[in-house]
Amino acid sequence: MLITRLYLRNFRVYEDELDLALPPGLVGIYGPNGAGKSTLLEAITFALWGRARTDRAEIRSAGVGGDCVVELEAEHEGHLYSVRRWLTGINSTVHAEACCDKLVMAEGATDTRRYVQSVLGMDDAAFRASVFAEQNQLAAFSNQSPAERRKLVLQLLGITPLDAARDAARKDARDREAQLAQLRAVLPDLDALTVAAADADAEAAAAEAEATAERSGASALAERATAAETRWGEIDSVRQRYDVLVERGRSARAELDHASSTLEARRAELAELDAAAGSLDELTGRAADLPGARARLDALGRLLDARSRLDATPLDTEPPDASDLAEATARAAAAELQAAERRAALAGQLEAARADARRATQQLDRAAELSEEGECPLCGQPLGEAFAAVQRHRRAEVGEAAG
1456 MLITRLYLRN FRVYEDELDL ALPPGLVGIY GPNGAGKSTL LEAITFALWG
1506 RARTDRAEIR SAGVGGDCVV ELEAEHEGHL YSVRRWLTGI NSTVHAEACC
1556 DKLVMAEGAT DTRRYVQSVL GMDDAAFRAS VFAEQNQLAA FSNQSPAERR
1606 KLVLQLLGIT PLDAARDAAR KDARDREAQL AQLRAVLPDL DALTVAAADA
1656 DAEAAAAEAE ATAERSGASA LAERATAAET RWGEIDSVRQ RYDVLVERGR
1706 SARAELDHAS STLEARRAEL AELDAAAGSL DELTGRAADL PGARARLDAL
1756 GRLLDARSRL DATPLDTEPP DASDLAEATA RAAAAELQAA ERRAALAGQL
1806 EAARADARRA TQQLDRAAEL SEEGECPLCG QPLGEAFAAV QRHRRAEVGE
1856 AAG
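Under the numbering used here, the first residue of the sequence shown is numbered 1456, with each subsequent residue one higher.
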């Protein structure tokens, strides 16, 4: 990695902006104590990993009066990287951003640190040990033994973790060799394995033959299943036709029940007609006496008229005998009473005859709706030749009722 630019503002002793361009090659930094030489190196690690030797609250030279900004640019493996880290607010909140070829690759303190470590392939400790050493680490060489100086150099160069990894790898290798020896001790005999493999092949061949037979049986079962499905379709079609017939049977049963009830009603009507026919015959006989009764009624009327004229005629002669007059009056009253009773009876018979005539007319109208191809409303049999007889019978009944 070649650092090309370092920008600081409000970082430690650099309260004002410092935009420092670093040329390629060896760069030397000198100056009095407290001039900020170590601050430049600390700014590099702070920009890359956010590491500082003090608390964040002590980094800003102007306190919370301004933001602390550190920005680093470097070339690495043909790409230009820039890392920017800054502190804001009273709590010195850390913000960070990493770019590669001016494209933002990571944001936030944690993601930026991880991105830088993935690009460089080392953490901040390895970076400090391999790039620069602090003054106290260099002064320690003169006071340490050779072994301790070697350990310190390895730490500065970041080699100590590699030694530990090497030792761990050697230990793992020894453990794997011990495990391999144990596994070889428990391995079975190769000849026995060969025999077992041959037996397994024989069993596999037998299983294959059995599988072939089972496949043949499966084919036969598949054909039977196909035939069963076909048969099931035929049975289902028969079931559907059966359901249709059952539904038709139910409809026919309902029609039969309705026809039976209609037949009973027609039989009841026929019985009523038969009874009406008997009553009609009786009423016909009674109607035969109507002319005589009407004649007697007319005679009684003439008698009453004559009596009224007689009562209106003045009597110049001697009145008849009172006994004869009383007898005549009683006969006239009795005749009048009999005539009234007869008129009432005839009126009732006449109304009954009219009702029978209406009923016979209705029967004739219903008979008119029939035809030779139709069925008898009483017995349900075809009328045929009996149709004309039924019509004549109905018209005769109406004629008799009207007479």
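Just so you know, even glycine gets a beta-carbon here, dropped at the ideal spot from N, CA and C.
Check your understanding: Among all the DSSP beta bridges, which residues are the ones paired with LEU1458?
Key -> As a working mapping, residue 1458 is identified with position 3 in the sequence shown. The sequence given here has Ile at residue 1458, not Leu. For ILE1458, which the question treats as bridged, DSSP gives the partners ALA1529.
Check your understanding: For the beta strand (DSSP E) that contains GLU1552, what are its first and last residues?
Key -> Here residue 1552 corresponds to residue number 97 of the sequence shown, with the count starting at 1. Here the beta strand (DSSP E) through GLU1552 covers 1548-1555.
Practice item. Following the continuous beta strand (DSSP E) through THR1543, name the residue where it begins and the one where it ends. Key: Translated into the one-based positions of the sequence shown, residue 1543 becomes position 88. Here the beta strand (DSSP E) through THR1543 covers 1534-1543.
Point to revise | ASP1566 versus PHE1582 - alpha carbon distance | key: Start at 1 with the first residue of the sequence shown, and residue 1566 comes out as number 111. Start at 1 with the first residue of the sequence shown, and residue 1582 comes out as number 127. Their Cα atoms are separated by approximately 18 Å.
Review point. Start and end of the beta strand (DSSP E) containing ASP1510?
Key: The residue given as residue 1510 occupies position 55 in the sequence shown. Segment: none, ASP1510 is in no beta strand (DSSP E) and carries neither H nor E.
Practice item. Take the Cβ of TRP1504 as the centre, count every other Cβ of all protein chains shown within 10 Å, and call the residue buried at 16 or more, exposed below. Key: Stepping through the sequence shown from its first residue, residue 1504 is reached at position 49. Looking at its Cβ environment, which holds 16 or more other Cβ atoms inside 10 Å, TRP1504 is buried.
Review point. How many whole angstroms separate the CB atoms of GLY1563 and ALA1551, which I take to be in contact at a CB cut-off of 8 Å?
Key: Numbered from 1 along the sequence shown, position 108 holds the residue referred to as residue 1563. Numbered from 1 along the sequence shown, position 96 holds the residue referred to as residue 1551. With 8 Å as the limit, GLY1563 and ALA1551 qualify as a contact, their Cβ atoms being about 6 Å apart.
Point to revise | Alpha-carbon to alpha-carbon, GLU1663 and LEU1676 | key: Along the sequence shown, read from residue 1 onward, the residue named residue 1676 stands at position 221. Along the sequence shown, read from residue 1 onward, the residue named residue 1663 stands at position 208. Near 19 Å, if we compare the C-alpha coordinates of GLU1663 and LEU1676.
Exercise for review: Return the CA-CA distance between ARG1605 and ASP1578, expressed in angstroms with no decimal places.
Suggested key: By 1-based counting over the sequence shown, the position of residue 1605 is 150. By 1-based counting over the sequence shown, the position of residue 1578 is 123. Between ARG1605 and ASP1578, the C-alpha separation is close to 22 Å.
Review point. Could you give the residue range of the beta strand (DSSP E) that holds VAL1559?
Key: Start at 1 with the first residue of the sequence shown, and residue 1559 comes out as number 104. Taken as a continuous stretch (DSSP letters only), the beta strand (DSSP E) holding VAL1559 covers 1558-1562.
**Study point:** C-alpha gap between LEU1759 and GLY1733, whole angstroms
**Key:** Indexing the sequence shown from 1 puts residue 1759 at position 304. Indexing the sequence shown from 1 puts residue 1733 at position 278. About 38 Å.
Exercise for review: Output yes or no for whether 9 Å exceeds the beta carbon distance between LEU1475 and LEU1463.
Suggested key: Position 20 of the sequence shown, counted from the first residue, corresponds to residue 1475. Position 8 of the sequence shown, counted from the first residue, corresponds to residue 1463. Yes, the Cβ-Cβ distance between LEU1475 and LEU1463 is below 9 Å.
Exercise for review: Would you grab the beta carbon distance between ALA1490 and LEU1461 for me? Rounded to a whole angstrom, and I think it's under 8 Å.
Suggested key: As a working mapping, residue 1490 is identified with position 35 in the sequence shown. As a working mapping, residue 1461 is identified with position 6 in the sequence shown. That belief does not hold up - the Cβ atoms of ALA1490 and LEU1461 are roughly 15 Å apart, past 8 Å.
Check your understanding: Less than 9 Å separating the beta-carbons of ALA1580 and SER1547?
Key -> Here residue 1580 refers to the residue found at position 125 of the sequence shown. Here residue 1547 refers to the residue found at position 92 of the sequence shown. Going by C-beta atoms, ALA1580 is not nearer than 9 Å to SER1547.
**Study point:** Between the CA atoms of ARG1705 and GLN1695 - distance to the nearest angstrom
**Key:** Translated into positions along the sequence shown, residue 1695 becomes position 240. Translated into positions along the sequence shown, residue 1705 becomes position 250. If I take the Cα positions, the gap works out to 15 Å.
Point to revise | Through-space distance from ASP1630 to GLY1672, alpha-carbon basis | key: In the sequence shown, the residue the question calls residue 1672 occupies position 217. In the sequence shown, the residue the question calls residue 1630 occupies position 175. Rounded to the nearest angstrom, the two C-alpha atoms are 56 Å apart.
Review point. How many angstroms separate the CA atom of ARG1797 from the CA atom of ALA1720?
Key: Here residue 1797 refers to the residue found at position 342 of the sequence shown. Here residue 1720 refers to the residue found at position 265 of the sequence shown. Rounded to the nearest angstrom, the two C-alpha atoms are 38 Å apart.
**Study point:** CB contact flag (LEU1755, ALA1802, <9 Å)
**Key:** Here residue 1755 corresponds to residue number 300 of the sequence shown, with the count starting at 1. Here residue 1802 corresponds to residue number 347 of the sequence shown, with the count starting at 1. Cβ distance not < 9 Å, so LEU1755 and ALA1802 don't count as in contact.
Review point. Which partner residues of VAL1524 appear in the DSSP bridge assignment?
Key: Against the sequence shown, residue 1524 aligns to sequence position 69. Residue pairing from DSSP places VAL1524 in a beta bridge opposite ARG1464, TRP1541.
Practice item. Could you tell me the boundaries of the alpha helix (DSSP H) in which LEU1503 lies? Key: Residue mapping note: residue 1503 aligns to position 48 of the sequence shown, counting from 1. That run of the alpha helix (DSSP H) goes 1492-1504.
Point to revise | Buried versus exposed call for ASN1465 [16 or more other C-beta atoms within 10 Å across all chains shown] | key: In the sequence shown, the residue the question calls residue 1465 occupies position 10. So ASN1465 ends up on the buried side.
Check your understanding: Within 10 angstroms of its Cβ, does ARG1722 collect 16 or more other Cβ (buried), or is it exposed?
Key -> Within the sequence shown, the letter at position 267 stands for residue 1722. Its Cβ having fewer than 16 others within 10 Å, ARG1722 is exposed.
**Study point:** Backbone CA spacing between PRO1479 and ALA1623 [nearest angstrom]
**Key:** Translated into positions along the sequence shown, residue 1479 becomes position 24. Translated into positions along the sequence shown, residue 1623 becomes position 168. In a straight line, the C-alpha of PRO1479 is about 39 Å away from that of ALA1623.
Exercise for review: Return the chain-ordered list of same chain residues with a C-beta closer than 8 Å to the C-beta of ILE1458, the five sequence neighbours on each side being excluded.
Suggested key: Within the sequence shown, numbered from 1, the residue matching residue 1458 stands at position 3. Correct list, in chain order: LEU1477, ILE1499, LEU1527, GLU1528, ALA1529.
Exercise for review: Tell me whether the beta-carbon of GLU1470 lies closer than 9 Å to the beta-carbon of ALA1517.
Suggested key: What you label residue 1470 is simply residue 15 of the sequence shown in a count that begins at 1. What you label residue 1517 is simply residue 62 of the sequence shown in a count that begins at 1. In contact: GLU1470 and ALA1517 (Cβ atoms closer than 9 Å).
Exercise for review: Would you kindly work out how many angstroms separate the C-alpha atoms of ARG1757 and LEU1718, rounded to a whole number?
Suggested key: For the purposes of this step, residue 1757 is identified with residue 302 of the sequence shown, where counting begins at 1. For the purposes of this step, residue 1718 is identified with residue 263 of the sequence shown, where counting begins at 1. Computed Cα separation, rounded: 56 Å.
Review point. First and last residue of the beta strand (DSSP E) that includes LEU1477?
Key: For this step, residue 1477 is matched to residue 22 along the sequence shown. For LEU1477, there is no enclosing beta strand (DSSP E), as DSSP marks it with neither H nor E.
Exercise for review: Throw me the rounded Cβ distance for the VAL1549 and ARG1539 pair, which I believe falls under 8 Å.
Suggested key: Position 94 of the sequence shown, counted from the first residue, corresponds to residue 1549. Position 84 of the sequence shown, counted from the first residue, corresponds to residue 1539. In fact, because the Cβ distance is near 12 Å, the residues do not count as touching under 8 Å.
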